[in-house]
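Undergrad: Numbering (the working numbering), first residue to last: 226 to 558.
C-beta: ideal position from N, C-alpha, C; glycine also.
On a predicted model such as this, the values are computed, not experimentally measured, just so you know.
Sharing a structure with you now.
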Amino acid sequence: MSRAAVVAGVGGYVPPRVVTNDELAQRLDTSDTWIRTRTGIAQRHVVDAGTTTSDLAVEAGLRALKNASADGADLVIVATTTPDRPCPATAPAVAARLGLTDVPAYDVAAVCSGFVYALQAGSAAVTARFAERVLVIGAESFSTILDPADRTTSVIFGDGAGAVLLRAGEREEPGAVLDVHLGSDGSMADLITVRGGGVEERTRGAEPRPEDRYFRMDGKSVFFAAVRHMAESSRTVLASTGWEVADIDRLVGHQANIRIIQAVADQLGLPPERAVLNIDRVGNTSAASIPLALADGMANGLLTAGDRVLLTAFGGGATWGSATLTWPDLPVG
Ligand code: UT7
226 MSRAAVVAGV GGYVPPRVVT NDELAQRLDT SDTWIRTRTG IAQRHVVDAG TTTSDLAVEA
286 GLRALKNASA DGADLVIVAT TTPDRPCPAT APAVAARLGL TDVPAYDVAA VCSGFVYALQ
346 AGSAAVTARF AERVLVIGAE SFSTILDPAD RTTSVIFGDG AGAVLLRAGE REEPGAVLDV
406 HLGSDGSMAD LITVRGGGVE ERTRGAEPRP EDRYFRMDGK SVFFAAVRHM AESSRTVLAS
466 TGWEVADIDR LVGHQANIRI IQAVADQLGL PPERAVLNID RVGNTSAASI PLALADGMAN
526 GLLTAGDRVL LTAFGGGATW GSATLTWPDL PVG
């Protein structure tokens with residue numbers, strides 16, 4: 226028997242306000258048909274004024290703790306691209322609001338790969354005996370960094386949070402995080418970026434440009450890089466675990482675009498119906514995407530005890546990562 230991090234609870238939360246494709250089409254040169262056929266998205270949730278990323282993270286964290294019947298954790302990691310403030314990190318505030326004022330808490334910034342990066346950190350903290358219980362949260366208020374006039378990004382992204390509580394257990398038991406593969410290539414930094422708000426802007430010596438506050442993405446290049454790296458990373462982590470593609474019961478890919486998930490499944494030779502999808506209802510929620518899909522898949526009975534699950538993501542940086550785990554026996558609801 227070898228020590229491993231085991232999924233003990235899962236929770237997801239989306240803010241109540243729904244924005245449909247038709248609503249976007251009233252103010253942008255787009256249509257419900259274009260968005261559905263090119264992305265698979267029918268609607269997304271967005272935060273109301275005054276709601277922050279930590280608000281979403283706390284809700285998801287509470288649900289994961291409740292699902293695990295746990296009263297806390299001894300490490301909190303928040304993956305986010307949209308922290309409440311540039312400084313300090315969002316995780317300590319989230320931990321404090323969960324009643325955890327004396328535990329380590331830090332943010333992970335790997336954009337849409339953020340949850341897989343945070344899962345690796347949480348899992349490693351357990352196996353290294355640094356922590357017995359780790360709350361890993363992905364949370365985004367992505368709508369707050371979108372250019373309302375940019376139809377290429379406004380139709381894709383949504384807000385939400387998902388959380389997983391990891392506990393110390395054995396690699397052989399259901400729920401164990403088995404292997405994680407991570408990668409990055411900073412030469413692709415400009416493909417997904419918010420140019421303003423950082424040191425580059427402050428040291429330029431010129432007035433900040435308002436348009437630099439917004440998220441920008443070269444969608445086409447990202448699409449091809451995402452498919453390539455998610456498929457390659459998936460193959461790498463499957464080899465580490467000793468699984469064949471046919472062994473995978475469920476693919477939980479970053480919900481970037483339904484065509485990306487289908488292309489990854491196709492490249493791997495995995496039947497597309499094994500993919501867990503919630504992009505139609507929540508859009509691309511970046512670092513929250515995978516844990517929200519896990520919560521959704523569990524609620525809908527798509528993830529059941531003992532399932533062999535592959536997670537895979539690609540995001541800004543560029544960053545990518547994949548993980549293998551078996552699904553635990555958790556209460557639903
Ligand atoms: O989360 C990780 C990072 N993000 C992603 O992984 C997203 C990756 N990229 C994508 O999902 C896709 O590239 C997009 C959804 C962003 C765009 O889809 P696409 O099929 O690659 O479209 P395209 O950029 O090739 O554009 C096709 C056409 C263009 O018109 P023309 O030049 O053919 O006349 C665009 O101007 O669609 C047009 N277009 C739109 N039309 C209606 C682009 N955005 C829209 C829109 N509504 N929202």
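Exposed or buried, V424, counting other C-beta atoms within 10 Å across all chains shown (16 or more means buried)?
TA: By the neighbour-count rule (16 or more Cβ atoms within 10 Å), V424 is not buried but exposed.
Undergrad: Could you tell me the boundaries of the beta strand (DSSP E) in which T544 lies?
TA: T544 to T551 is the extent of the beta strand (DSSP E) around T544.
Undergrad: DSSP has V359 in a bridge; who is on the other side?
TA: The partner list for V359 (beta bridge, DSSP) reads L300 and L391.
Undergrad: When every heavy atom of the ligand GTP is checked, does at least one fall within less than 8 Å of the C-beta of T418?
TA: The ligand GTP is not part of this structure, which contains only the ligand UT7.
Undergrad: Assuming T276 and T307 form a contact by the criterion Cβ under 8 Å, report the distance between their Cβ atoms to the nearest whole angstrom.
TA: That pair is no contact at about 12 Å.
Undergrad: Checking 9 Å against the spacing of the C-beta atoms, do G224 and I381 come in under that value?
TA: The question about residue 224 has no answer here: the residues shown for the chain are numbered 226 through 558.
Undergrad: On the CB-based measure, 16 or more other CB atoms within 10 Å of its CB, does C337 come out buried or exposed?
TA: Buried.
Undergrad: Taking one C-beta from the stretch 388 to 398 and one from the stretch 226 to 234 each time, how about it: are there three or more such pairs within less than 8 Å?
TA: Touching, yes.
Undergrad: Say yes only if the C-beta of M442 is nearer than 8 Å to one or more non-hydrogen atoms of the ligand UT7, and no if none qualify.
TA: Result yes, Cβ under 8 Å from the ligand UT7.
Undergrad: Between the beta-carbon of A298 and the beta-carbon of V328, is there less than 9 Å?
TA: Yes; because the gap between Cβ atoms is below 9 Å, this pair is in contact.
Undergrad: Let me confirm a value: D404 is counted as buried when at least 16 other C-beta atoms fall within 10 Å, else exposed. Which label applies?
TA: Buried, since its Cβ has 16 or more Cβ neighbours within 10 Å.
Undergrad: Note the first and the last residue of the continuous beta strand (DSSP E) segment covering Y238.
TA: Where Y238 is concerned, the enclosing beta strand (DSSP E) stretches over R228 to Y238.
Undergrad: State buried or exposed for N525, treating a residue as buried only when at least 16 other CB atoms are found within 10 Å of its CB.
TA: Counting Cβ neighbours within 10 Å, N525 comes out exposed, since fewer than 16 surround it.
Undergrad: Say yes only if the C-beta of N482 is nearer than 8 Å to one or more non-hydrogen atoms of the ligand UT7, and no if none qualify.
TA: Answer for N482: yes, Cβ within range of the ligand UT7.
Undergrad: Between which two residues does the alpha helix (DSSP H) containing S458 stretch?
TA: Element bounds for S458: G444 to T466.
Undergrad: Can you give, in chain order, each stretch of the alpha helix (DSSP H) that sits fully within the stretch 496 to 528 and has at least 4 residues?
TA: Fully enclosed alpha helix (DSSP H) runs of 4 or longer: 504 to 507 and 514 to 524.
Undergrad: Output yes or no for whether 9 Å exceeds the beta carbon distance between L344 and L390.
TA: No, Cβ-Cβ distance for L344 and L390 is not below 9 Å.
Undergrad: Comparing the CB of A364 with every heavy atom of the ligand UT7, is any distance shorter than 8 Å?
TA: The answer is no for A364.
Undergrad: When the Cα of A282 is compared with those of A316, S368, A356 and V271, which residue comes out closest?
TA: Ranking the options by Cα distance to A282, first place goes to A316.
Undergrad: DSSP three-state call for I381: helix, strand or coil?
TA: Residue state, collapsed to three classes: coil.
Undergrad: Would you mind working out which of F367, A538, V534 and A543 sits nearest P553, comparing C-alpha positions?
TA: Cα-wise, what sits closest to P553 is V534.
Undergrad: Could you please give me the residues that DSSP links to R434 through a beta bridge?
TA: BP columns for R434 are empty, so no partner.
Undergrad: Quick check: does the Cβ of I370 come within less than 8 Å of any heavy atom belonging to the ligand UT7?
TA: Flag unset: Cβ of I370 not near the ligand UT7.
Undergrad: May I ask you to report which of helix, strand or coil DSSP gives Y331?
TA: Strand, per DSSP.
Undergrad: Let's test the definition: count the other Cβ atoms within 10 Å of the Cβ of G294 and tell me whether it reaches 16, buried, or not, exposed.
TA: With the sequence shown as reference, residue 294 is identified as Ser, and Gly is not the correct amino acid for it. That one is exposed.
Undergrad: Give the single residue among F355, D332, A353 and G385 whose Cα lies nearest to the Cα of V361.
TA: Checking every option, the nearest Cα to that of V361 belongs to D332.
Undergrad: Tell me the DSSP bridge mates of G421?
TA: For G421, which the question treats as bridged, DSSP gives no partner whatsoever.
Undergrad: Would L407 and V341 qualify as a contact pair, given that the criterion is a beta-carbon distance under 9 Å?
TA: Contact flag set, yes.
Undergrad: Please classify Q268: does DSSP put it in a helix, a strand, or coil?
TA: Strand.
Undergrad: Check each candidate in T551, K445 and A512 and name the one with the smallest Cα separation from T544.
TA: If we check each option's Cα against that of T544, A512 comes out closest.
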